[in-house]
Amino acid sequence: MHQAALLGQALQDSRKYGWQVEETVKHNWESMTEAVQNYIGSLNWGYRVALRENKVTYENAYGEFVGPHKIKATNQKGKENFYTAEKFLIATGERPRYLGIPGDKKYCISSDDLFSLPYCPGKTLVVGASYVALECAGFLAGIGLDVTVMVRSILLRGFDQDMANKIGEHMEEHGIKFIKKFVPIKIEQIEEGMPGKLKVVAQSTDGQETIEGEYNTVLLAVGRDSCTRKIGLENVGVKINEKTGKIPVTDEEQTNVPYIYAIGDVLEGKLELTPVAIQAGRLLARRLYSGSTVKCDYDNVPTTVFTPLEYGACGFSEEKAAEKFGEENIEVYHSYFWPLEWTVPSRDNNKCYAKIICNIKDNERVVGFHVLGPNAGEVTQGFAAALKCGLTKEQLDSTIGIHPVCAEVRKSGGFFKSVFSFNKQFF
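FYI, in my numbering the residues of the sequence shown are 4 to 430.
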């Protein structure tokens, strides 16, 4: 979906590069979703084939613990099968959260629904400020839709707030509207259709103001809940965080019940990322059945937020670095840059941004890396390996950059020491 929006921007840029593109280029929602669903279907089939080739029995059913070392699996027809095993692995993931207000479950969609929506969503209200919310808002606007984001508090909670605010500013400059410090309190349908029309009633977070708006689609992206409350964990004594549904585990992904393990988004205090779950699962299998002792390293995990201005991050945010090392013990270097491919169409000058956070007392070891710009994920992946190896500011400065790519930003313009926020400096 993000790629669809990037291609739309590329079509606009192409005219400056000499391509004579028709002015009335349009996006076809149905063609895109059909291609996406076909790809997802091929992935699912590939996984099932791989399971069969590795002699893994696949049971398409709802599982729940019914006693020690025993589960019940109920398929779509209601048929029950019982299984026993020496060890169990919980990897049930999460499902989108609803608001618990009138009309939300009946009329709203989630990000899970968006990829199979059979019609163009039209004028859309995205509720939430998570990376899922901003990614969806970004690509919907990128294909030409009227998009508004309703935010209760801050953008991208848990991420570096300096970077989050820059993302929000860029999205606003590109036509995405933000309604800040408001939450929906009621959703009503005022016109049927595909997509139809909905009325949203929202209240300010201080309770002093109420507003209304009409949209074709309301997309909820206010977080996800762990699928742990209806799988019989209470029948075997597995402890969960009653507030979040998350499962506390040891550094070997073992729950408080020795024969039950858990990985992925259901874990308490771990990053909710697919590659993290895959790595943890692979290493767990090797420890259990191949004699390995290697554990999953949850530190310095790189990630990317695929907003219109992509955000790649690895390590600590400024806020977390200051909390861990002390404000006086961190140095922040940063730099704005203009990707070469954006100079010819002359757009978004000095909107891309990079910064590193260093621990002064540890030879200016880089403890946080953040970049806003095209291909941010590709850029971040390489720096993630360097951070794992203990990269220092001096080593970074001595590295010769590749010209002309965004990853060379620290060489072409140089990182400067910041003059604001903690010890932030331009680099």
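We treat Cβ as the ideally placed atom computed from N, Cα and C, and that holds for glycine.
#### Entry: DSSP state of residue 153 mapped onto helix, strand, coil
strand
### Query
What separation, rounded to the nearest whole angstrom, lies between the Cα atoms of residue 170 and residue 87?
50 Å
### Task
Would you mind sorting residue 397 into buried or exposed? The rule is 16 or more other CB atoms within 10 Å of its CB.
exposed
### Task
For residue 365, count neighbouring C-beta atoms within 10 Å of its own C-beta (all shown protein chains included) and say buried if the count is 16 or more, exposed if not.
exposed
### Query
On the premise that residue 151 lies in contact with residue 182, defined as a C-beta separation below 8 Å, what is that separation, rounded to the nearest angstrom?
6 Å
### Cα-Cα separation, residue 254 to residue 290
12 Å
### Task
May I ask which residues mark the beginning and end of the beta strand (DSSP E) holding residue 1?
Past the boundaries of the shown model lies residue 1; the chain is included only from 4 to 430, so the question cannot be answered.
#### Entry: C-beta atoms of residue 122 and residue 201 nearer than 8 Å
no
### Query
My guess is that residue 142 and residue 4 are in contact by the Cβ rule of under 8 Å, so how many angstroms apart are they, rounded?
4 Å
### Query
Just the Cα atoms here: how many angstroms apart are residue 119 and residue 99?
15 Å
### Task
Return yes when the Cβ of residue 383 is within less than 8 Å of the Cβ of residue 316, no when it is not.
yes
### Task
State yes or no: is the C-beta of residue 325 nearer than 7 Å to some heavy atom of the ligand PLP?
No copy of the ligand PLP occurs in the structure displayed, which carries no ligand at all.
### Task
Using the Cα positions of residue 75 and residue 65, report the straight-line distance between them to the nearest angstrom.
8 Å
### Message
What would DSSP say about residue 279, mapped onto helix, strand or coil?
### Response
helix
### Which listed residue (167, 40, 26) has its alpha carbon closest to that of residue 32
40
### Message
What residue range does the beta strand (DSSP E) around residue 245 cover?
### Response
Where residue 245 is concerned, there is no enclosing beta strand (DSSP E), given that its DSSP letter is neither H nor E.
### Query
Taking the Cβ atom as the reference point for each residue, do residue 128 and residue 216 lie within a distance shorter than 8 Å?
yes
### Message
Pull the bridge partners of residue 215 from the DSSP assignment, please.
### Response
204
### Query
Among the residues of its own chain, which have a CB less than 6 Å from the CB of residue 284, if the five just before and after it don't count?
266
### Query
What residues match up with residue 264 in a beta bridge as DSSP calls it?
92, 257
### Task
Just mark residue 197 as buried or exposed, buried being the case when its beta carbon has 16 or more other beta carbons within 10 Å.
exposed
### Message
Pull the bridge partners of residue 338 from the DSSP assignment, please.
### Response
357
### Message
With distance defined between alpha-carbon atoms, name the residue in 352, 342, 369 nearest to residue 378.
### Response
342
### Task
Identify, in the order they occur along the chain, each residue of the same chain with its Cβ nearer than 8 Å to the Cβ of residue 70, setting aside the five sequence neighbours on each side.
238, 239
### Message
Looking at the strands, I want to know which residues DSSP matches up with residue 99.
### Response
227
#### Entry: For residue 34, three-class secondary structure by DSSP
helix
### Task
With 8 Å as the threshold, decide whether the Cβ of residue 336 is near any Cβ in chain B.
Here there is only one protein chain, and chain B is not present.
### Task
Confirm, please, whether the CB-CB distance from residue 112 to residue 222 is below 8 Å.
yes
### Message
Taking the alpha helix (DSSP H) that residue 139 belongs to, which residues open and close that run?
### Response
134–145
### residue 166 and residue 373 closer than 8 Å at C-beta
yes
### Query
Residue range of the beta strand (DSSP E) that residue 382 falls in?
Careful: residue 382 lies outside any beta strand (DSSP E), inside the alpha helix (DSSP H) at 379–391.
### Task
Please report the Cβ distance between residue 333 and residue 363, rounded to the nearest whole angstrom; I am assuming they are in contact, meaning their Cβ atoms lie under 8 Å.
7 Å
#### Entry: CB of residue 67 within 8 Å of CB of residue 228, strictly
no
### Query
According to the neighbour-count rule (16 or more other Cβ atoms, all chains shown, within 10 Å of its Cβ), is residue 23 buried or exposed?
exposed
### Query
Are the CB atoms of residue 313 and residue 385 nearer to each other than 8 Å?
no
### Query
Out of curiosity, what's the CA-to-CA distance linking residue 344 and residue 174?
20 Å
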